[in-house]
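The structure appears right after this line, and notes come after that.
In our numbering, the protein residues as written are 365 to 689.
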């Protein structure tokens with residue numbers, strides 16, 4: 365593809381025709397020459413966030429929508445409006461753009477969110493496709509990561525390392541097959557991509573939670589450390605209670621990753637008062653979401669996260685996943 369802005373025919377074919385769900389409050393959406401989207405809103409709180417996706421090529425569009433949407437949902441606010449910035453290297457084919465925007469459109473429709481603007485260009489500044497997604501939502505109340513209080517129990521949904529496993533099973537499929545991983549294992553792991561959203565479960569228990577967080581880079585344990593740091597507390601975790609699906613454990617082991625310390629979109633972390641924990645678990649399980657208690661919040665001690673052989677002093681945890689590229 366030629367360096368610079370996309371030709372109008374490609375924008376019309378792959379961008380403007382794939383804008384997620386219809387939203388009547390979008391007064392001015394993606395169109396030629398318009399510099400910004402205009403959205404009518406009456407809610408007292410606006411939540412907004414941006415997130416770059418650089419850890420996958422095959423799943424880029426899908427992850428771009430869901431990862432940033434998860435971050436809004438952990439505020440207890442539903443994502444409504446999305447604005448992607450897509451950077452493509454000159455070596456990209458039209459099929460690459462087709463795949464990215466098709467995935468974004470499908471993911472946005474799944475969430476009921478509208479793609480209201482953004483930017484797409486071909487540039488020598490990147491060596492592989494990159495998407496930076498912005499999300500906006502509104503709500504009457506919000507939950508923070510830093511609201512966890514001593515006595516709260518930590519609830520985790522689904523499994524650690526689902527995101528890492530899904531990317532490994534797609535972007536690194538040939539490498540894993542060469543390492544002896546069976547096709548059926550790779551297929552099941554690739555299917556985890558359908559479960560990386562935590563929007564449903566986060567909104568389901570937002571009124572019960574003191575704090576919620578979406579663990580991504582650095583994994584579940586880094587996510588707990590970030591919650592503890594933001595809350596001025598310590599989290600005691602039982603590492604054995606942190607669920608890791610068999611496929612995720614197998615794929616991570618094959619490439620030398622610790623599943624507790626790598627990409628974990630799809631797992632929601634929530635700090636819930638002890639007397640509300642049973643209700644939170646009931647709601648989650650009633651909606652078909654696996655959930656378990658993995659720890660508790662205590663007053664600040666020497667470490668942010670402690671449990672078993674784990675003792676984290678900093679929320680900054682190195683995720684070796686990105687060394688695989």
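The C-beta atom is built at its ideal place from N, Cα and C for all residues, glycine as well.
Quiz prompt | Residue ranges of each beta strand (DSSP E) within the segment 445-495, 3 or longer | solution = Listed in chain order, they are 483-486.
Practice problem: Between the Cα of residue 650 and those of 569, 582, 659, 612, spot the shortest distance and give me the residue it belongs to. | Solution: 569
Quiz item: Within 10 angstroms of its Cβ, does residue 558 collect 16 or more other Cβ (buried), or is it exposed?
Solution: exposed
Practice problem: Please confirm if the segment 466-477 is in contact with the segment 376-384, defined as three or more CB-CB distances below 8 Å between the two stretches. | Solution: yes
Exercise. Name the residue from 618, 584, 654, 688 whose alpha carbon lies nearest to the alpha carbon of residue 674.
Key: Out of 618, 584, 654, 688, 584 has the C-alpha closest to the C-alpha of residue 674.
Quiz item: Can you name, in chain order, every residue of its own chain whose Cβ lies under 8 Å from the Cβ of residue 663, other than the five neighbours on each side?
Solution: 514, 597, 598
Quiz prompt | Under 8 Å between C-beta atoms of residue 428 and residue 408 | solution = For the 8 Å CB-CB criterion, residue 428 and residue 408 do not form a contact.
Quiz item: Using the beta-carbon count (16 or more within 10 Å), is residue 455 buried or exposed?
Solution: exposed
Quiz item: What are the boundary residues of the alpha helix (DSSP H) that residue 538 is part of?
Solution: Unbroken alpha helix (DSSP H) run through residue 538: 537-542.
Self-check item: Whole-number beta carbon distance between residue 518 and residue 659, since they are thought to touch under 8 Å
Solution: Indeed they touch by this definition, with Cβ atoms about 4 Å apart.
Exercise. Mark residue 545 as exposed unless 16 or more other C-beta atoms lie within 10 angstroms of its C-beta, in which case mark it buried.
Key: Residue 545 should be labelled buried.
Quiz item: Just how far apart, CA to CA, sit residue 413 and residue 661?
Solution: 27 Å
Exercise. Go through the segment 568-599 residue by residue and report every complete run of the beta strand (DSSP E) that reaches 3 residues or more, in order.
Key: 575-577
Quiz item: If you count every other CB in all the chains shown that lies within 10 Å of the CB of residue 680, and 16 or more means buried, which is it?
Solution: exposed
Quiz item: With contact counted as at least three CB pairs below 8 Å, one residue from each stretch, are the segment 561-581 and the segment 618-631 in contact?
Solution: yes
Practice problem: Measure the C-alpha to C-alpha separation of residue 492 and residue 677 and round it to an integer number of angstroms. | Solution: 34 Å
Quiz item: Helix, strand or coil for residue 433 per DSSP?
Solution: helix
Practice problem: Just list the alpha helix (DSSP H) runs in the segment 597-636, keeping only unbroken ones of 4 residues or longer that don't cross its boundaries, in chain order. | Solution: Counting whole runs of 4 or more residues, the segment 597-636 contains the alpha helix (DSSP H) stretches 610-618.
Practice problem: Please work out which residues of its chain come closer than 7 Å, Cβ to Cβ, to residue 554, disregarding the five sequence neighbours upstream and downstream, and give them in chain order. | Solution: Correct list, in chain order: 530, 533, 534.
Practice problem: Name the two residues that bound the continuous alpha helix (DSSP H) containing residue 374. | Solution: 372-375
Exercise. Identify the continuous alpha helix (DSSP H) that holds residue 662 and give its terminal residues.
Key: Element bounds for residue 662: not the alpha helix (DSSP H) but the beta strand (DSSP E), 655-663.
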